[in-house]
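Reading through the structure tokens given below for one structure.
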DNA sequence: GCCTAACTGTTAGGCTTCCTAACTATGAAC
DNA sequence: GTTCATAGTTAGGAAGCCTAACAGTTAGGC
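Residue numbers (the numbering used here), protein chains in the order written: chain P, 495 to 646; chain E, 495 to 646.
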């Protein structure tokens, strides 16, 4: 294989290939979201709340995490609220703010959806070789670093 | 209930991390599409046509490549046609079919948009270390294989 | 204290993309 | 030459995202 450091021409080739991989990942994303129960954004929101059960999370923070504007986050939160999965409470420290918290039902829903989607993904990754899984695992922190650097 | 054995713990962790990485990649995808000129689907369509300049590509094939249903592909093709980037011709062998071909203007547009987005991506990947780029490069074929296996 | 500016979130309206269902037209099988 | 399958378009609607306008709250300057 090619073990020498990537030349500058390789940077462009890598860019092209990464773009292509990202583009085709829609198949993967769609497969995972085929649940029908919760949209990807809704599940992400609930997962966020899972890590902040006590205090809840502010709308703006949810929006930032989802990569959308605040009104779009509000829209999703209202849907989750209507479904009984979250509730909105006034922030004791700042009356402008709203704290979104998970309900018991929401807690169950996120656990269930999360488990199922992980199982689907595990089924897909299970067909890979150990070597391939290692290559994938080694790249995830890199992708994570890229994504963090772009997060506003 | 649990009729099948739980997947290996490492596999589940990888599944979770990969899902997380994919989810956060929306920042990256949005950054690349910030052009405003062409949507991701439209650029993908034009790139497809670039590789089949002579014969054009059928609508169903475009839909499959985009990962959408035929009516959605038709919609995008009509927009591209109205923008003067593609034209639709009857298939000489099958009068039911339509062959979508790139115009000269479309050719220029895809080259330009592609070059620009590759440059944006290269700018992002340029901030990585060689080691990180190598890890990413090693994982792309794996991701590609996963995506291909899911393509209908 | 007050006035202004900044901030948090909601509402309203519109755009894009995707879907399913229904339709037209053509091809293929028998 | 029916009959069934296939290719694509049209119509209508759902979901997600956006910007702009708004109300309420906080914080800083005077």
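Just so you know, even glycine gets a beta-carbon here, dropped at the ideal spot from N, CA and C.
What are the residues of the segment 502–526 of chain P that lie near chain E, defined by any Cβ-Cβ distance shorter than 7 Å? Taking 7 Å as the Cβ-Cβ cut-off against chain E, the residues of the segment 502–526 of chain P that qualify are 505, 506, 508, 509, 510, 511, 512, 513, 515, 516, 517, 518, 519, 520, 521, 522, 523, 524, 525 and 526.
Taking the CB atoms as reference points, tell me whether residue 644 of chain E and residue 521 of chain P lie closer together than 8 Å. Cβ distance < 8 Å, so residue 644 of chain E and residue 521 of chain P count as in contact.
I need the boundaries of the alpha helix (DSSP H) containing residue 591 of chain P, first residue and last residue. DSSP places residue 591 of chain P outside any alpha helix (DSSP H), giving it a letter other than H or E.
From the DSSP output, in three-state form, read off residue 551 of chain P for me. DSSP places residue 551 of chain P in strand when its eight states are reduced to three.
Return the CA-CA distance between residue 535 of chain P and residue 505 of chain P, expressed in angstroms with no decimal places. Spanning the two alpha carbons is a distance of roughly 32 Å.
Name the chain E residues that come within less than 9 Å of residue 645 of chain P, Cβ to Cβ? Near residue 645 of chain P (Cβ distances below 9 Å), the residues of chain E are 518 and 521.
Shortest alpha-carbon distance to residue 605 of chain P belongs to which of P/513, P/638 and P/537? Measuring from the Cα of residue 605 of chain P, the nearest candidate turns out to be P/537.
For residue 567 of chain E, go through chain P and note every residue whose CB falls closer than 9 Å to its CB, in chain order. Simply none; closest approach about 14 Å.
Spell out the partners DSSP gives residue 705 of chain E in its beta bridges. In this structure chain E extends from 495 to 646, so residue 705 of chain E is not present and cannot be described.
Assign residue 533 of chain P to one of three DSSP states: helix, strand, or coil. It is coil, neither helix nor strand.
Is there a C-beta anywhere in chain E that falls below 8 Å from the one on residue 615 of chain P? Output row for residue 615 of chain P: interface = yes.
What residue does the alpha helix (DSSP H) around residue 636 of chain P start on, and which one ends it? Taken as a continuous stretch (DSSP letters only), the alpha helix (DSSP H) holding residue 636 of chain P covers 624–644.
Out of E/526, E/524 and E/596, which one is the CA nearest neighbour of residue 552 of chain E? Answer by Cα proximity: E/596.
Cα-Cα separation, residue 503 of chain E to residue 611 of chain E: So the two alpha carbons sit approximately 38 Å from each other.
Are the C-beta of residue 564 of chain P and some C-beta of chain E separated by less than 8 Å? No, residue 564 of chain P lies away from the interface with chain E (no Cβ there is under 8 Å from its Cβ).
Are the C-beta atoms of residue 538 of chain P and some chain E residue less than 8 Å apart? Yes, its Cβ sits closer than 8 Å to a Cβ of chain E.
Under 8 Å, do residue 515 of chain P and residue 638 of chain E count as touching if we go by C-beta distance? Taking 8 Å as the Cβ cut-off, residue 515 of chain P and residue 638 of chain E qualify as a contacting pair.
For residue 561 of chain P, count the other beta carbons within 10 Å of its own beta carbon; 16 or more makes it buried, fewer makes it exposed. Which is it? The residue is buried, with at least 16 neighbouring Cβ atoms inside 10 Å.
Please state whether DSSP places residue 606 of chain P in a helix, a strand or coil. In this structure, DSSP gives residue 606 of chain P a helical state, which the three-state scheme calls helix.
I need the DSSP call for residue 562 of chain E, collapsed to helix, strand or coil. Three-state result, residue 562 of chain E: coil.
What residues of chain E sit near residue 611 of chain P, judged by a beta carbon separation below 8 Å? Neighbours of residue 611 of chain P on chain E, chain order: 513.
One question on the structure: do residue 546 of chain E and residue 556 of chain E come within less than 8 Å of each other, judged by their Cβ atoms? Going by C-beta atoms, residue 546 of chain E is not nearer than 8 Å to residue 556 of chain E.
I'd like to know whether the C-beta of residue 554 of chain P is nearer than 8 Å to at least one C-beta of chain E. No, its Cβ sits nowhere closer than 8 Å to a Cβ of chain E.
Separation of residue 598 of chain E from residue 563 of chain P, as counted between CA atoms: Across the structure, residue 563 of chain P and residue 598 of chain E are spaced so that their CA atoms are roughly 38 Å apart.
Partners in chain E for residue 630 of chain P, counting only beta-carbon separations shorter than 8 Å: Close partners of residue 630 of chain P in chain E (Cβ separation under 8 Å): 508, 512, 633, 636 and 637.
Closest by CA to residue 508 of chain P, which one among E/640, E/525, E/642 and E/622? Closest option to residue 508 of chain P, Cα to Cα, is E/622.
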